[in-house]
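Line by line, the protein sequences are chains A and B. Counting along the first sequence from 1, when you hit position 70 you're at 70 in this note's numbering, and nothing is skipped either side. Counting along the second sequence from 1, when you hit position 83 you're at 1083 in this note's numbering, and nothing is skipped either side.
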Amino acid sequence: MTEIEVISPGFYSTIQDMGRVGFAKYGVPKSGCMDSFSAKKANLLVGNDSNDAVLEITMTGPTLVFHGDSSIAISGAQFDLQLNDCHIENDKAYKVSAGDKLVFNSLREGFRAYLAISGGFQTMKLLDSRSMYEEITDSIKIERGDRLPIISKSEEKENKGASVNFEIKGIFENEINLYEGPEFYLLRGDQKELLFKNSFTVSQSSNRMAIQMKEDFQNNLKGIVTGPVVPGTVQLTPGGTLIILMRDCQVTGGYPRILQLSELGICTLAQKRPGDSVFFKLLTP
Amino acid sequence: MRSRKPNIIRLGDRAVLLEWDFEINEKNLFWLLNLKELIIKKLYELKVEVINTYNSILISYVYSIEYVYDADFWLNAFDFNEVSVENIQQDTFILPVCYDLQFGIDLNEISIKKDMEISEIINLHTASDYTLYFMGFLPGFLYLGGMDDRLAFPRKNQPRKSIEKGAVGIAENQTGIYPKSSPAGWQIIGNCPVPLFNPKSERPSPFSPGDKIKFNAVSLEEYLDIKQAIKQEKYELKKHGNND
């Protein structure tokens, strides 16, 4: 069986697929790849289904050794990538053989990269998903010394040199596409204007659950009766913090939901580092 | 009866939110749950997930946005006044709670500030039939209605950094059980030894919205016995069906 050995895990690398569907009624977060577009792209390049599990790599990358032959592709954030002695590129499929070593060096652009391997990762599947999450899977991120099992494909597709022309517009740009949220109408006209005129900065207190904005957004909105929220929901606290819920968010919340990111908006925000500034671009449904 | 037509709101490109401004009560909950079942049946062929909260239903689409437009269309044509207010099938679960001061770390404070004996607090807390409205906040956390108003008590001024798994708390007019160790601003009055969430089970929580929950006071000794039985997989949650 093919395995990937973790020589060093990087800052925060987790196994993710497209998340848990059908368990929100138990209060279970959806989880799944923060930038689902890039993850799908990597999966397609190695002939996987878009829901196959990939490695999500955040900010600093891992060093991995392959035990077995397979093919891999990396999409999303641009790291300096090294396969043995060769420099390799994003968005291309590469053959790997037993003993090959993959190193993620400096991060050039974006924040989260996705490593797909033919067949997909075969870590623990719970509640219909391999996405790592504290309350659910035994591990919450990969660790040094882990040997990550890979699903063997009976008939491996020939992907050498494959590239997918799968255009993702603007995930590295600073425009975040979003819609009005259910409580948007409670904002005053001048507040609405500020939301789309000003830029906002990604704060340090950001993770897979939520990305907060640094700027204060003065408001007089009251809490709402606890209601549904989903990844991409933008909450506004009475203290003036904009909290953008991400993939590991709770399923309900009590802060006004003033905006709602589109799927592309979520993927774009997932590629921003703390300190990056973004603009909100309002879409009409 | 007033029109039951909801406010229909698109929540991004993958979900539709239905919201009502009705009073939060059991009758409206049953109506909402009946409607939820209808929607689930109607959309059976699509990959959707439908959840309810106190006054909302959320329809989430896994894949394409196209279906969301369809949803707008049929929801606008749907006759919400036709949905039944009949009671739904419900179970009553008995959850043991140990109110020993070892767990009920805020019982003394509530007792003093409310000028109410601790035994009376426990009596009031175990006397009610609670209704499960929905789960959220944490996996397996139950949003319960029906707490006796006399128990209402504000949250702690300063949330605790961590409280134990199973802690039973009060916040304003709500009561709930923490399914895991967590920071908490609630006033803690006891502990429930029964795990509320098991990710290794296909059905990670035994409860469904509309179910009734009753708390049964147990001694510290009984509490430890239950813990032991759970460890040995010999514990069975007590449950009464509709007609028991």
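Note that beta-carbon positions come from the ideal geometry of N, C-alpha and C, so glycine has one too.
Chain B contact for residue i (CB, 8 angstroms cutoff)
i, result
"S262(A)", "yes"
"K25(A)", "yes"
"L187(A)", "no"
"Q218(A)", "no"
"L127(A)", "yes"
"G170(A)", "no"
"P228(A)", "yes"
"T252(A)", "yes"
"V278(A)", "no"
"G120(A)", "no"
"G22(A)", "yes"
"G32(A)", "no"
"V28(A)", "yes"
"A53(A)", "no"
"P182(A)", "yes"
"V234(A)", "no"
"Y255(A)", "no"
DSSP-derived helix/strand/coil call for residue i
i, result
"A98(A)", "coil"
"K1231(B)", "helix"
"C1192(B)", "coil"
"N1034(B)", "helix"
"N1076(B)", "helix"
"N1243(B)", "A caution first: N1243(B) carries a pLDDT of 44, below 50, which makes its placement in the model unreliable, though a value can still be read off. The answer is coil: DSSP assigns N1243(B) none of H, G, I, E or B."
"Q204(A)", "strand"
"Y1044(B)", "coil"
"K1214(B)", "strand"
"N1007(B)", "strand"
"I7(A)", "strand"
"Y949(B)", "Because chain B spans 1001 through 1244 in this model, residue 949(B) falls outside it and cannot be assessed."
"Q122(A)", "coil"
"N1025(B)", "coil"
"K197(A)", "helix"
"E1221(B)", "helix"
"K192(A)", "helix"
"I140(A)", "coil"
Exposed unless 16 or more other CB atoms sit within 10 angstroms - verdict on residue i
i, result
"V1085(B)", "exposed"
"H1125(B)", "buried"
"T284(A)", "exposed"
"P1154(B)", "exposed"
"E1233(B)", "exposed"
"S198(A)", "This sequence places Asn at residue 198(A); Ser is not what is there. So N198(A) counts as exposed."
"I1121(B)", "buried"
"Y1143(B)", "buried"
"D1244(B)", "For D1244(B), the predicted structure reports a pLDDT of 44, less than 50, and the residue's modelled location is therefore unreliable. A value from the coordinates is still provided. Burial call: exposed."
"F1093(B)", "buried"
"F11(A)", "exposed"
"K1212(B)", "buried"
"A1202(B)", "Position check: residue 1202(B) holds Glu in this sequence, whereas Ala was assumed. Result: exposed."
"Y1178(B)", "buried"
"F1103(B)", "buried"
"N1055(B)", "buried"
Chain A within 8 angstroms of residue i, Cβ atoms only
i, result
"N1055(B)", "yes"
"K1180(B)", "yes"
"I1051(B)", "yes"
"V1062(B)", "yes"
"S1162(B)", "no"
"P1159(B)", "no"
"S1111(B)", "no"
"S1128(B)", "no"
"Y1143(B)", "yes"
"L1151(B)", "no"
"L1038(B)", "no"
"L1043(B)", "no"
"L1046(B)", "no"
"L1058(B)", "yes"
Chain C contact for residue i (CB, 8 angstroms cutoff)
i, result
"K1200(B)", "Protein chains A and B are contained in the structure displayed, whereas chain C is not."
heavy atom of the ligand MG below 7 angstroms from residue i C-beta
i, result
"V230(A)", "Summarising the ligand content, the structure contains no ligands, and the ligand MG is consequently not present."
Unbroken stretches of the beta strand (DSSP E), 3 residues or longer, contained in the segment 1080–1161 of chain B: 1092–1097, 1130–1135 and 1142–1145
Interface residues of the segment 1005–1035 of chain B facing chain A [CB-CB below 9 angstroms]: N1007, I1009, R1010, L1011, G1012, D1013, R1014, A1015, L1017, E1019 and I1024
The segment 1130–1141 of chain B: positions lying closer than 8 angstroms to chain A by Cβ: F1134, M1135, G1136, F1137, L1138, P1139, G1140 and F1141
Interfacial residues, the segment 134–147 of chain A to chain B, with Cβ spacing under 7 angstroms: Across the segment 134–147 of chain A, CB contacts with chain B closer than 7 angstroms involve E135 and I136, in sequence order along the chain.
Length at least 4, wholly inside the segment 208–284 of chain A: the alpha helix (DSSP H) runs in chain order: 263–270
3-residue-minimum beta strand (DSSP E) runs that sit fully inside the segment 23–97 of chain A, ordered along the chain: Complete beta strand (DSSP E) runs here, min 3: 54–58, 63–67, 70–83, 86–88 and 93–96.
The segment 83–117 of chain A: positions lying closer than 9 angstroms to chain B by Cβ: Of all residues in the segment 83–117 of chain A, none has a Cβ within less than 9 angstroms of some Cβ in chain B.
Interfacial residues, the segment 238–251 of chain A to chain B, with Cβ spacing under 7 angstroms: Q250 and V251
Members of the segment 1067–1099 of chain B near chain A, C-beta cut-off 7 angstroms: So the list is empty, because no residue satisfies the distance condition.
Against chain A: residues of the segment 1200–1231 of chain B by CB proximity under 7 angstroms: In summary, the residues of the segment 1200–1231 of chain B whose CB is separated from some CB of chain A by less than 7 angstroms are K1200, P1204 and S1205, in the order they occur in the chain.
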